[in-house]
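Shown next, in structure tokens, is the structure this report addresses.
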Amino acid sequence: MTEELRPPRKLRLWEALALSVGLMGPTLAMALNGAGVAATVGKAVPLVFVLGLVGVALVAYGFVRLTRHFNHAGSVYALAGVTLGPRAGFFGGFALLGTYIFFAVCTLAATAVFAEAFTTALGLSLHIPWSVVAAVAAVGVWAVNSRESRITARTLLIVEGVGIVGMLVLSAIIVIRTGAGHAPGGQTLDLSVFGLGGTTMSAVMTATVFAFLSWAGFEACASLGEETTDPRRNVPRALAGSVLLTGGLYVFVMFAQTVGFGTDDKGVAAFSGSESSLSALAQTYIGTWFSLVIAFTAVASAFAASISSTAAASRLMFALARDGFGPGALARTDRRTGSPTVALVAALVLAVAGDVILDLTGVHAFDAYYWFATLGVLCLLVAYAVAGAGVIAFILSGRGKIPRHEIVIPVLAIAYLCFVFYNQSVGQDSPLSYFPWIAAAWCLAGMAAVLAAPKLARRIGERLTAELTQADGPADGSQSPVPEAPEAPEAPEKAARP
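The UniProt record's numbering numbers the first residue of the sequence shown as 1 and each following residue consecutively.
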């Protein structure tokens, strides 16, 4: 281990983008999220994903705007800290840390789910506890993430790239066969799926909640702000690119799936009742061998999401510990790779421990995946809202020379986030009805910690000022990259730093 202020800058644009794409897990999103949407709106699934893209684009605007000025391993922690103050930054960062840890638990569980499904499709049976599979996957995650961040990014690009290519091939074949009138069940190329098609706008807006969840984690590349070359240029582009590229992919694949199953009542019922829609369509339109390929890419996508979530969690732990919250060992980086390996091990231990406890208490792997994905998303919505508030404050301050009329974008983003949170919280059955309270407890614990420790808040403000100025220099048009802490200034205290 060594003690350096920050990891070296090595990542290029496409390598930073790979972390966000890996955490979103496009193959998983397309295999699982369409069924719930079809059950709500019938054949209007593609329309829902178009509107979902609009919603996530509103949220992404804030991250793009702020990362043009500030880049930091803490992501929301720093972006809110420099715009709203250190307490708000810590609150948002702590909420985001909960997201990444919960995502690490759920993605390792998802790896076990899809590994079992793949081996079953091959006629094999694992006959071992699912937490053992999750633990083995965690070893693989450590092997990738403990190396240079460039290797992590390239691994993610390869793994998710295979899944994306598989989805595109399947979708293209479906569109061609339905368009030519050669679909297996007589399905046709029906463009009315981009209209309401008998459903209501209220139902469509409610269903956009499912679509929005497909983009959860798009902001992950912001945590690589200290490891990316020319971050003020490349990080915003990676953020925007991750949303737009997956947006086009999602709309196209959901269109293909909808027409592939058929847009009549029978087809909609088949879509909404499918446990893995991509595998089912691959079996119908291409054959068993391609269905197995798609099943394998689902395992790989879950593993890639585990790599991304733990990479993001380790960067955020590193940033918090560097500023004095948590053991100083978490702020250490490896001498050879520059990766925060101690924080990485801590994130993996927490994730594996969570899966082992769930398995020992009789929770199935799929339930573990769904429960902790829900918890992670609820915390993520809070972090996104804090970042949105930071954009509003930054625009009003005039430091970034952003036209004031653009303030309507983050306002609409926060309104949409509240709508999504409400839909995820109200009318849920047990145990899902408890999850908003658990997520709230986690976020409030972060608020309590920073309110009870005024020296921590002051230290965060001082450190963010020093780190962001050292990393990038003052933002264009600003006098200082961070507002003064509320307390009277005192001599800086020593804190563990890498």
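Even for Gly, the Cβ is constructed at its ideal location relative to N, Cα and C. Given the structure is predicted, the values throughout are model-derived calculations rather than measurements.
- With a cut-off of 8 Å on Cβ pairs, the region 127-134 is not in contact with the region 307-314, counting fewer than three such pairs.
- Nearest neighbour of F366 by Cα position, chosen from A304, P86 and V105, turns out to be V105.
- Contact check for A222 against V76 passes: the beta carbons are separated by less than 9 Å.
- Taking 9 Å as the cut-off, the beta carbon of A16 is found no closer than this to the beta carbon of T155.
- Residue nearest to L245 within the set I407, S20 and R12 is S20 (criterion: CA-CA distance).
- Per DSSP, the unbroken alpha helix (DSSP H) holding V345 starts and ends at T341 to L360.
- Spanning the alpha carbons of G161 and W215 requires a straight line of approximately 17 Å.
- Judged by pairs of C-beta atoms under 8 Å, the region 171-189 does not touch the region 311-327, as fewer than three such pairs exist.
- Relative to A347, the option among G461, T99 and L432 whose CA is nearest is T99.
- In summary, L360 is exposed, with fewer than 16 beta-carbon neighbours lying within 10 Å of its beta-carbon over all protein chains present.
- For C418, the enclosing alpha helix (DSSP H) stretches over residues V408 to S425.
- In this structure A73 does not touch A305 by the C-beta definition: roughly 20 Å separates them, more than the 8 Å allowed.
- For A311, the enclosing alpha helix (DSSP H) covers residues T288 to R322.
- L196 sits in coil when the DSSP states are folded into three classes, being neither helix nor strand.
- The beta carbons of G267 and L47 sit about 16 Å from each other, so the pair does not count as a contact at 8 Å.
- As the crow flies, the alpha-carbon of A280 is around 24 Å from that of A368.
- Here T288 is exposed: its Cβ has fewer than 16 other Cβ atoms, across all protein chains shown, within 10 Å.
- Rounded to whole angstroms, V345 and F255 show a C-alpha spacing of 41 Å.
- Residue environment analysis places G198 among the exposed positions, since fewer than 16 neighbouring C-beta atoms fall within 10 angstroms of its C-beta.
- Here the region 368-381 lies against the region 86-103, with 3 or more beta-carbon pairs under 8 Å apart.
- Contact check for G181 against P26 fails: the beta carbons are separated by 9 Å or more.
- In this structure, the alpha-carbon of P184 lies about 12 Å from that of V259.
- Shown here, L278 sits in a helix according to DSSP, grouped into three states.
- Under the criterion of beta carbons closer than 8 Å, R87 and V382 do not qualify as touching, at roughly 15 Å.
- Contact check for G92 against L108 fails: the beta carbons are separated by 9 Å or more.
- Distance from the CA of Q424 to the CA of T40, rounded to the nearest whole angstrom, comes to 15 Å.
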